[in-house]
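Trainee: In our numbering, the protein residues as written are -18 to 309.
Pasting a structure below so you can have a look.
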């Protein structure tokens, strides 16, 4: 990310920390026993985003850790799921992966997926990266390198312990995301949350407008939301964008599209990849994920998607190039 973007993110993070000062001993225990100062507890997003969501719960669900030794130590892999009350019937699902040294709570402020979900009636889930301090020094997702970038090959990214890269076999994040999506589908998480919201809405409606049977009956007939398995979308920032591209290319048969920013592809695109739409947004002055690498990622997906007829458009202000838009 470029310096300006990083500065804005730092300010946003500082504001969150200042306005969401933890007071419970439960939160302090979470911080003390993990590698993050961000709240990743079960009620973190529900509490912090209460006013934004109108009190709608954003529960945390956990799956067994695919690395058994870590699961035995109490570090399951968890995610948050938000279903807006307006969701009804087959509902799209967006995954938003946070960046390195970040967390779902900070990403929700930064990427605004909660507001977008409320305005467009889709569900969104936020995976929590590795928070076990025995594995990594800060929250992260780890994926295998090996993708060819010019004359170089990408390295594993993006978890580190004592200055050394963590082998992705110690996190198995591809498996983690796959199992999280399966958990949402198999356990009908979206439908269950939708049912809870409907019951809550009906109770409130009954108390406030008991004299109006028309409106009350209309609320009762609202169709429950359920996962539309044909519309699962992946998003992410930085390390999360690297993850979204990795998951999208390796689980392409169940992904509708990928749209992420400030990241690039590091894993070789597998032979069984099925073409899906991919949108990348990268800073031309990014000193973490080089713009040239983003261009190569863009070209790699254009090639496997068999895209043709590239067009580019420069976006200028005051005589300088602010952005370049490439389209196939």
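Glycine included, every Cβ here is placed at the ideal spot set by N, Cα and C.
Thinking just about the alpha-carbon of each residue, which of 239, 158 and 66 is nearest to the one in residue 259?
Mentor: Nearest option by C-alpha distance: 239.
Trainee: Applying the criterion that 16 or more other CB atoms from any shown protein chain within 10 Å of the CB defines a buried residue, is residue 143 buried or exposed?
Mentor: Flag for residue 143 reads exposed.
Trainee: Which runs of the beta strand (DSSP E), 3 residues or longer, sit entirely within the segment 88 to 162?
Mentor: Fully enclosed beta strand (DSSP E) runs of 3 or longer: 104 to 108.
Trainee: Would you report the Cα separation of residue 68 and residue 301, rounded to the nearest angstrom?
Mentor: Looking at the two C-alpha atoms, the distance is approximately 43 Å.
Trainee: Relative to the C-alpha of residue 89, which residue among 213, 29, 231 and 251 is closest?
Mentor: Residue 29 is the option with its Cα nearest to residue 89.
Trainee: Could you tell me if residue 261 is buried or exposed, where buried requires 16 or more neighbouring beta carbons within 10 angstroms of its beta carbon?
Mentor: Buried, by the Cβ-count rule.
Trainee: Measuring only the C-alpha atoms, how far is residue 304 from residue 298?
Mentor: Whole-angstrom Cα-Cα distance: 10 Å.
Trainee: Between 268, 235, 94 and 65, which lies nearest to residue 176 when the distance is taken from Cα to Cα?
Mentor: Closest by alpha carbon: 65.
Trainee: Who are the near neighbours of residue 265 in its chain, counting only those whose CB is closer than 6 Å to its CB and skipping five residues on each side?
Mentor: Closer than 6 Å at Cβ, skipping near neighbours: 272.
Trainee: Which same chain residues, not among the five before or five after residue 166, have their C-beta less than 8 Å away from its C-beta?
Mentor: These residues qualify, in order along the chain: 208 and 210.
Trainee: With a floor of 3 residues, list each beta strand (DSSP E) that falls wholly inside the segment 205 to 274, ordered by position along the chain.
Mentor: Listed in chain order, the complete beta strand (DSSP E) runs (minimum 3 residues) inside the segment 205 to 274 are 206 to 217, 238 to 242 and 259 to 262.
Trainee: Express the C-alpha separation of residue 31 and residue 195 in angstroms, rounding to a whole number.
Mentor: Note that residue 195 scores a pLDDT of 41, beneath 50, so its modelled location is shaky; the value from the coordinates is reported in the next line. One C-alpha to the other measures close to 30 Å.
Trainee: Sorted by chain position, which residues of the same chain lie with C-beta nearer than 7 Å to residue 154's C-beta, five sequence neighbours on each side aside?
Mentor: The residues are 122, 123, 124 and 224.
Trainee: Indicate the three-state DSSP secondary structure (helix, strand or coil) for residue 24 in the structure shown.
Mentor: Residue 24: coil per DSSP, three-state reduction.
Trainee: On the CB-based measure, 16 or more other CB atoms within 10 Å of its CB, does residue 100 come out buried or exposed?
Mentor: Under this definition residue 100 is an exposed residue.
Trainee: Under 8 Å, do residue 220 and residue 139 count as touching if we go by C-beta distance?
Mentor: Cβ atoms of residue 220 and residue 139: closer than 8 Å.
Trainee: Which class does residue 81 belong to by DSSP, given the choice of helix, strand or coil?
Mentor: The answer is coil: DSSP assigns residue 81 none of H, G, I, E or B.
Trainee: Starting from residue 31, follow the alpha helix (DSSP H) in both directions and report where the run begins and ends.
Mentor: Per DSSP, residue 31 belongs to the alpha helix (DSSP H) from 31 to 34.
Trainee: Can you tell which of 218, 147, 129 and 77 has the C-alpha that lies nearest to the C-alpha of residue 162?
Mentor: Here the closest residue by C-alpha is 77.
Trainee: Spatial neighbours of residue 199 within its chain, please: CB distance less than 8 Å, with the 5 preceding and 5 following residues excluded, ordered by chain position.
Mentor: Annotation note: pLDDT 41 at residue 199 (below 50); position unreliable, no value reported.
Trainee: Taking the alpha-carbon positions, what's the residue 4 to residue 135 distance?
Mentor: Residue placement at residue 4 cannot be trusted, given a pLDDT of 35 that sits under 50; what the coordinates show is reported in the next sentence. Taking the straight line from one Cα to the other gives about 43 Å.
Trainee: Relative to the C-alpha of residue 75, which candidate in 94, 119 and 284 has its C-alpha closest?
Mentor: Of the listed residues, the one whose Cα sits closest to residue 75 is 94.
Trainee: In whole angstroms, what is the alpha-carbon distance linking residue 246 and residue 108?
Mentor: Going by the C-alpha atoms only, they are around 19 Å apart.
Trainee: Where does residue 282 sit, in a helix, a strand or coil, going by DSSP?
Mentor: Helix.
Trainee: So, using beta-carbon positions, are residue 60 and residue 39 closer together than 8 Å?
Mentor: Cβ atoms of residue 60 and residue 39: not closer than 8 Å.
Trainee: Assign residue 44 to one of three DSSP states: helix, strand, or coil.
Mentor: Strand.
Trainee: Taking only the alpha-carbon atoms, compute the straight-line gap between residue 232 and residue 79 and give it to the nearest angstrom.
Mentor: Using only the alpha carbons, I get a separation of about 19 Å.
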